[in-house]
Structure formats: structure tokens, C-alpha cells
Amino acid sequence: MDQNDLELLQMVPLYHLQAIAKACHLSTTLRVFSTAISASSDLSATPSTPVVLEMAHYLLDATSIGEMFNELDEFEVSLLLELLACGGRANSRDLALYFQGAAPLGTVHSEEMRILALNAGVQIYQPGTSLQPPRYPVPHPHGTFEQAVHHLLLLGCVFWGKQTHFVGRDYASGMHDGLLIVPQTILNAARRKWHAEAPSLPDSSVAGRIVQHDERLAFFQRRLYRYWSFVAGMRGGLTLINNGLLSRTGLRQMIDHMNVPSTIEPVRLESDHAQLLFIRLLLIQLGLLRVRQNALIAAPAETFFSLPLYERVQLCYHAYRDSDFWNELLYLPEINVRPIPEPLTPAHEEILRARCQVIERLLIEPPAKWHQQAALIARAKLHIPYLLFPRQYGPRAERYSQGCNPYGWDFRLRRGWLTHREGWHMVEGGFMRAMLTGPLAWMQLVQLDQEKLSSTFQISEAGALIMRDVPLQLAEEDVQSNRLIVQPNFDLVVLAPVSEGLLVRLDRFADCVNLEHIAQYRVSKASVTRAVQHGLSASDLLVLLELNIEGDIPQNVRYSLEEWERQARRVEIWPHATLLEVEDSALLDRFFADPSLSVLFRRRLTQQLVEVVPEKLSEVQQLLWQQNELPAYSTATNDSITSGHTLSAHEPQWHLHEDGTLSPVYAVLDFYLIAEALLFCDRSEQTGGLRITAASLQRALASDISLEQIIAFLQSYCADGIPGSFLIRLKLWGGGYAATQCIHVEQAPLLRLSADVLRDLQADPEVASLLGSEVAAEQRLVHIDVAQLAQLLKLLEIRGFLTNAQED
């Protein structure tokens with residue numbers, strides 16, 4: 001005997017226990033009641049412990065429970081089993097709404113229940129109409145549901161919870177609005193009798209089940225491909241605005257490309273087109289699209305689209321179920337959320353948990369049959385009453401207020417505040433509708449009945465297996481075979497069923513013309529040139545066609561592909577290339593003849609020039625040493641005199657003379673350093689030598705090369721640095737002296753004194769009248785022998801300075 005059952009019986013009024021004893025014909029127990037009633041005249045009082053123990057002894061006996069079950073009709077059994085599935089506890093009016101709105105088919109009164117549902121006003125959401133909370137059926141003393149509850153109460157199968165308000169009313173009435181509780185002992189007995197367990201998913205099929213091709217699932221995968229291919233074809237990607245949504249221009253282009261019927265004019269926000277936004281976010285979650293510098297760009301997708309259909313569907317399903325990129329609470333009909341969330345607000349962890357709970361409830365429904373959304377929501381309220389709003393965040397009546405839920409939002413009807421009862425059907429129920437009519441329907445895991453305005457749904461057989469994580473494989477006759485036809489007019493036709501993996505490969509070198517039941521592409525010189533620019537060759541294209549073609553490739557197509565590649569490769573830029581140039585071509589012939597050595601190289605560009613695999617450069621150097629060849633190694637650095645970076649270490653290349661001439665140190669100089677020097681030097685037409693002149697220096701300065709960068713370059717790559725006389729001339733040409741370039745000759749006598757003494761003397765009028773002008777503080781005075789002054793002035797003029805000898 002369960003202790004909780006005894007505590008439950010202690011809360012039952014004495015008169016109701018007496019009524020149960022009479023209904024169950026417990027004659028022995030009636031004598032105990034007579035004694036208890038004589039001791040207390042208040043029949044509404046709680047029974048004493050002896051009465052409870054005596055009642056429990058007979059009521060919870062296995063024989064009594066079996067007799068009790070035999071007195072139940074089919075509808076009462078259904079009601080008891082639903083309570084059992086809810087864990088033995090459920091609100092009576094929620095049960096009434098569920099049973100009158102969706103009585104299980106095959107039960108007694110099922111047709112009557114459906115009629116009662118219509119009369120009770122159970123409303124179904126229809127897109128384009130205003131969604132209203134359901135009107136709970138009005139309790140009636142002779143109603144089918146109320147009579148069934150009354151009978152279960154009289155038999156002792158169920159009891160009311162302690163918070164039920166029935167003061168002054170009959171405890172056994174089925175009209176109360178309260179919690180119905182099944183004693184644990186009776187609960188266990190019911191499970192044994194009807195072989196019922198707690199709600200769980202039906203047994204999934206064996207792993208690797210073979211199923212037929214589902215065109216509906218393939219339809220969504222085709223939409224994923226169409227979205228990805230459009231982004232891949234946009235040079236620079238699609239522009240995103242500051243809130244992360246597509247720009248209006250990009251959205252309009254995508255709507256036209258995806259053939260989405262737009263009922264919103266003019267087109268404004270991507271969030272107004274929820275399905276397109278979901279597809280984009282799903283592709284990002286799958287790694288097929290990326291966001292870079294406020295632009296949406298395509299990532300490689302051949303691996304994904306080459307997977308089998310059902311494997312791709314399962315990847316999409318798991319990406320949605322387990323990720324927070326989609327937030328259903330932003331799409332609740334008839335509900336205002338405050339403060340208004342951003343359109344890309346990620347889903348809270350409670351939303352992810354709620355998704356799994358809803359899907360679990362969804363999979364309990366039989367597949368390939370139509371179900372009412374309202375019935376699913378009503379039943380979910382019985383089984384998962386704390387969906388989205390955990391108990392610990394506050395009382396149920398305040399869960400939709402900002403401080404009493406994990407989201408920090410206020411949920412309000414557009415016409416006012418929500419009560420906890422109508423709020424469940426509008427918020428939690430709206431969340432379930434957003435899942436059913438949103439991602440699950442878009443991915444074709446759930447189908448909506450368009451004739452009934454999406455008020456009913458069904459789960460496909462394949463969709464149910466996918467959501468149960470059962471590995472699937474197509475039947476052999478449904479496996480896509482990629483039937484490709486290449487026509488002499490350069491048209492490519494892919495017959496149905498079309499594999500998106502093949503379409504991704506065709507996109508590399510052909511232009512899509514039509515993509516309906518069959519796929520039609522066209523190969524052109526421009527499309528082949530584009531493929532060559534992305535690293536493909538004509539041989540790669542021919543191999544791809546031969547692997548999928550039915551028949552042979554027309555000869556003119558084969559020749560044109562090779563010719564277009566040759567024309568595209570006339571001028572090529574290969575970044576980060578490592579090249580080897582040899583004097584004797586026979587050396588390269590020997591290398592390529594040896595299979596163990598040919599792997600060190602890529603393309604042989606000429607007889608003497610070959611491209612080296614960058615990772616194999618050290619091995620190539622050792623190979624040349626073994627051939628008694630000493631390679632001259634040079635690196636193309638990104639550092640230059642204009643880059644602002646530290647110049648790379650290198651041995652001196654020139655001697656710099658006083659007239660600005662650069663004479664080479666070696667017979668062969670570094671090619672890249674010569675290119676840098678030509679930026680500020682003139683080349684002699686007769687000798688080919690380099691020389692720095694005033695004109696070449698001014699040309700470099702006009703090209704945004706600073707004088708400091710030129711001086712640093714010369715000091716780094718000139719032996720013995722820059723001669724002093726030429727450094728002066730270089731600075732005079734380039735304006736390297738901040739002050740005037742004129743040198744003044746000051747005549748003696750001069751006074752040498754401290755600054756404070758000079759300041760005091762200048763304040764004395766009598767002394768100040770005898771003082772001359774003060775030499776500027778930033779200038780320097782140098783002692784010069786009078787006998788050498790003329791020679792010094794001549795040298796300064798040769799250097800380019802201006803002199804101004806001041807005489808007394």
C-alpha cells in the first residue's frame with residue numbers, strides 16, 4: 001500500500017468515502033463509517049486514521065480494483081488511460097476540452113464527442129484569420145464527460161486534488177474545475193491490465209530500413225540547392241544590413257529566384273518571409289553559407305549535396321532541432337512580445353528543450369493519418385503543462401510577465417493581458433503551431449491539409465522515421481542514377497530524378513537554363529573560362545561528363561572544351577608559385593623521367609622552367625646539390641619600400657657613389673630589389689646602370705614613397721651605406737631638412753650667457769639698448785677659423801646650401 005494513497009484518502013470528506021463504500025458494496029467498511037459518523041456529526045470533515053486504513057484495505061485490494069475496472073465502459077476506460085498517460089494527474093477541464101475536441105476514434109461516443117466539440121466552439125487556427133483561444137466546454141451535470149468523471153469518483157478510481165474548490169458542493173460531481181488524481185496502486189493495476197506504460201515513442205523500425213523515394217522531402221532539398229546556387233553565382237555575395245538581414249535589393253532578387261509568391265508589397269524585411277530566412281539560417285548552420293564582412297557568400301557544398309537524400313534530411317532536421325538559430329517565439333500569431341526582440345534573436349535553451357518535448361508528443365500520433373492541431377495542443381497541455389515555462393520561474397498565473405519567465409519578455413494578447421489558461425493555448429500552443437506550420441512543414445517532415453487551411457496535419461512515414469533517428473536507405477529502383485545527356489549544341493540535360501550533387505558540379509563550368517522536372521545547362525566559352533580560373537582543366541570537365549553521361553561526348557564539344565581552356569590560359573597569374581629555372585633542360589628531363597622525383601614538381605612551364613611543390617622546396621635543393629648544382633635562391637617578398645614593414649635581410653647589392661651612381665656588387669643582382677630601386681632611380685640607356693637624381697627622387701616622392709623609406713633602403717642594400725656628401729644632397733632634394741636650407745655667417749663679438757641672465761639683461765632698458773638680436777634657440781653655432789671661412793663657404797655652395805655672410 002502506497003503512503004501517498006493514504007495521504008490522498010485522508011483529504012477526502014467522510015461522506016464521499018461512505019458513498020464509495022456503498023457503491024462498491026463494502027458492508028464491513030460501512031460499520032466503521034457508522035461508528036465514525038456517530039462520533040462526529042460533520043460529514044464534510046476529513047476521516048480519522050482507522051477509517052482511512054479500513055477504507056484503503058478494501059478499496060486498494062487487487063480483487064476490489066479488478067471488480068472496479070469491470071464496471072467501466074469504454075469511454076471511462078479511455079479517460080482513465082489518458083490520466084494514466086499523464087502520470088495520474090490532470091486538470092478536469094483540460095481533459096474535457098481534449099476529449100470533446102478530439103475523442104480517440106474507435107471509442108464509445110466518438111461521433112458524439114465530435115458533435116459536442118462543434119457545439120462547444122473548439123476553434124481551429126486558420127492562416128489569414130484571427131487566432132482566438134479555445135472556448136472550454138461548459139460543464140453540464142448530464143454531460144458525457146461529467147458523468148464519466150462522476151462514476152470514476154464514486155468507484156474510487158480518481159480523487160480531487162486538495163486545491164479543488166468544492167465547498168458546499170458534491171465531491172462526486174464531475175463539474176468541478178480541479179486536479180484529478182489516480183491513486184498509485186490503481187495506476188499500477190491499470191498499467192498491468194491494459195499493458196500501458198508512460199508516454200513513449202513507438203518502437204522504431206530496424207536500422208537501415210529501405211523506404212521509397214519521397215518527392216516531398218526532395219522538394220525541400222532542391223530549395224536548399226536553389227538558394228545556395230544563387231548566392232554562389234553572385235560575385236561578392238549578397239549584402240547584409242546592420243541587423244543581419246538581407247538588403248532589400250538582395251531579398252527581392254532572392255524572392256524572384258525562388259519563385260516565392262509575395263503577398264507583402266513593397267518588399268521590406270527578410271523576416272517577413274520566414275521560410276526564406278529559415279533556409280538561409282539553416283544553410284549557414286550546415287556550413288554551406290558564410291557571413292564575411294557584412295556579405296553572404298557561398299561555401300563549398302558538393303560534399304553535402306552528394307549525400308543520399310535521407311541523410312541530408314536528417315542533417316537538416318538535427319541542425320534545426322539541436323541549434324538555436326531559429327526562434328519560434330518570434331512567430332506567435334496574435335501575440336505581442338515586449339520588449340520587441342531582434343529578428344535574429346537566438347533561441348533560449350528552454351526553447352530547444354521544448355522542441356524535443358513537442359516532437360516527442362508529435363511522434364506518439366500515428367503517421368500517415370490526419371490530426372487536428374487543436375487536439376494535439378490540448379493533449380500536450382495535459383502531458384507537458386510546463387512547456388517553455390519551467391515551474392521554478394514563478395507561479396503559473398504570472399508566467400507571461402517579464403520577471404517570471406526565462407526570456408525576460410512580456411507576452412500579451414493584441415487586445416490585452418493573457419490569463420494562464422488561454423495563455424497556454426496562445427503562447428505554448430502558438431509555439432507548437434509555429435513548429436508545425438514552420439520548420440517541420442517547410443522541411444516536409446509534416447504535411448498540412450491546404451483544403452482545411454492548415455488546421456490539420458499528418459506525419460509522413462519517412463518523416464516519422466527520420467525524427468526517430470532511424471537510418472534510412474532508398475529502395476534500389478529509386479536510387480538516383482544521374483542520367484546526363486550532352487548535346488552537340490553544348491546543351492546538357494539531366495533527366496529526373498536529378499541529384500543536387502551533380503548540379504553543384506555542373507555549376508562549375510555550365511550555366512543553368514532550366515531547373516524543373518529536368519535540369520538543363522549550357523556550356524559556353526565564358527563558363528569554361530570561369531571554371532579554368534577556379535583551377536579546373538578541360539580534362540577534369542571531360543572526366544566529370546564521362547562519369548555521368550549516357551552515350552558519348554560529341555567530338556565538337558570535346559574539342560571546344562580543350563580549345564577554350566587553351567585560350568583561357570594564354571595569360572595566367574599564379575600567386576604563391578615556387579619556380580625552378582635550369583640552364584640545361586636535360587636535367588629536368590631526368591627529374592620527370594623518375595617517378596620518385598616527379599612528385600616534387602607540378603607543371604613544366606618551359607624546357608628550362610618548372611613549378612616546384614612549395615612543401616618540397618628543401619628536397620629539391622638537396623636534389624640539386626646531389627647533382628653538383630649550386631642553386632641561387634631568391635624570395636619574392638611582400639615587403640617593399642612602400643609597405644611600411646621592416647625590409648627583409650639580404651646581402652648588399654650595390655656601391656653608392658657620391659654622384660648618386662649605383663654600381664653592382666655582383667654580376668647577377670636580386671630581381672626584386674632591382675624592381676624596388678627603379679622606383680627612385682633612373683636607368684642609363686647606354687650602360688643600363690642605376691643613378692639617383694633630383695628628378696628621379698621627386699618622381700618617387702610624388703608616388704607616395706617617403707624620403708625616410710628611400711634612405712632606409714639604401715642603407716640596407718648598399719655596401720658601406722650612403723656617402724655623407726650624397727646624404728646631404730639627397731636630403732636637400734627631398735626636403736629632408738625641416739628648417740631653412742640657408743646657412744648664415746654670424747660676425748663676432750657674441751656674448752655667451754645663460755638664459756635667465758639674458759632675460760634679466762633684456763629687462764634692463766639701459767643694457768637692452770646695447771644688445772643685438774638673439775640667435776634662434778633651435779639653431780646651432782659652430783666656431784670657424786677666419787682663415788678657412790672662404791673655403792668652407794665654397795664647399796657649402798657646392799653641396800647645394802645657400803650662404804649669407806653678414807658683415808659688421
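Counted from 1, the sequence shown has number 734 at position 734 by UniProt numbering; the numbering is strictly sequential. Think of the CB as a built atom: it goes at the ideal place given N, C-alpha and C, for glycine as much as any other residue. Fair warning: this is a prediction, and the values are worked out from it, not measured in the lab.
With contacts defined by Cβ atoms closer than 9 Å, Leu315 and Phe304 form a contacting pair.
Here Phe671 is exposed, its C-beta having fewer than 16 other C-beta atoms within 10 Å. Non-local beta-carbon contacts of Ile722 in its own chain, meaning distances under 8 Å to residues more than five positions away in sequence, involve Leu656, Ile711, Leu714, Gln715, Leu730 in chain order. Across the structure, Ala301 and Val504 are spaced so that their CA atoms are roughly 7 Å apart.
Here His318 is actually not in contact with Pro406; their C-beta atoms are around 24 Å apart, not less than 8 Å. Looking only at Gly430, Asp659, Trp564, the smallest Cα-Cα distance to Leu727 is reached by Asp659. Comparing alpha-carbon positions, the option among Asp785, Thr803, Val786, Ala787 lying closest to Leu793 turns out to be Thr803. Selection Phe389, Val446, Gln447 evaluated against Gly423 yields Phe389 as nearest (Cα-Cα). Residue environment analysis places Glu500 among the buried positions, since at least 16 neighbouring C-beta atoms fall within 10 angstroms of its C-beta. Listed in chain order, the non-local C-beta contacts of Cys718 below 8 Å within the same chain comprise Pro652, Gln653, Trp654, His655, Leu656, Leu662, local neighbours out to five positions each way being set aside. Sorting Phe278, Val313, Asp324, Ser247 by C-alpha distance to the C-alpha of Asn294 places Ser247 at the top.
Remark: C-beta atoms of Ser460 and Gln373 do not approach each other more closely than 9 Å. Rounded to whole angstroms, the gap between the alpha carbons of Glu629 and Arg483 is 55 Å. When the five nearest sequence neighbours on each side are left out, the beta carbons in the same chain lying within less than 8 Å of the beta carbon of Gln184 are those of Asp2, Asn4, Asp5, Gly88, in order along the chain.
Inside the segment 566–624, DSSP marks whole beta strand (DSSP E) runs of 3 or more residues at positions 578–581, 601–604, 609–612, from first to last along the chain. Taking 8 Å as the upper bound for CB-CB distance, Leu155 and Cys24 are in contact here, some 7 Å apart. Judged by DSSP in its simplified three-state form, His195 adopts coil rather than helix or strand.
In this structure, the CA atom of Pro575 is about 54 Å from the CA atom of Trp409.
Rounded to the nearest whole angstrom, the C-alpha separation of Glu146 and Leu418 is 27 Å. Residue pairing by DSSP places Tyr717 in no beta bridge whatsoever.
Scanning its chain for C-beta atoms nearer than 7 Å, with the 5 sequence neighbours on each side dropped, one finds around Glu581 the residues Gln608, Leu609, in chain order.
Secondary structure at Tyr58: helix, using DSSP grouped into helix, strand and coil. Contact between Lys193 and Phe69 holds, since their C-beta atoms are separated by about 6 Å, short of 8 Å. For Pro664, the enclosing beta strand (DSSP E) begins and ends at 661–664.
Distances from the CA of Pro749 to each of Ile241, Arg252, Arg522, Val775 were compared; the closest alpha carbon is that of Val775. When secondary structure is reduced to three states using DSSP, Trp228 falls in the helix class. As summarised for the segment 354–394, there are no continuous beta strand (DSSP E) elements at least 3 residues long confined to that stretch. Around the beta carbon of Val557, 16 or more other beta carbons sit within 10 angstroms, so the residue counts as buried. In this structure, the beta-carbon distance from Leu84 to Arg226 does not fall below 9 Å.
Burial is judged here by how many other beta carbons sit within 10 angstroms of a residue's own beta carbon; Ser527 has at least 16 and is buried. Shown here for Val668: same chain residues with a beta carbon closer than 8 Å to its own, the five before and five after excluded, namely Ala632 in chain order.
DSSP places His650 outside both helix and strand once states are collapsed to three, so it counts as coil. With 16 or more neighbouring CB atoms inside 10 Å of its own CB, Gly734 falls in the buried class. Contact check for His425 against Ile377 passes: the beta carbons are separated by less than 9 Å. The C-alpha of Gly429 lies about 21 Å from the C-alpha of Val138.
Short of 7 Å from the beta carbon of Ala510, and not among the five residues preceding or following it, lie these beta carbons of its own chain, in chain order: Leu492, Tyr521, Arg522, Val523, Ser527.
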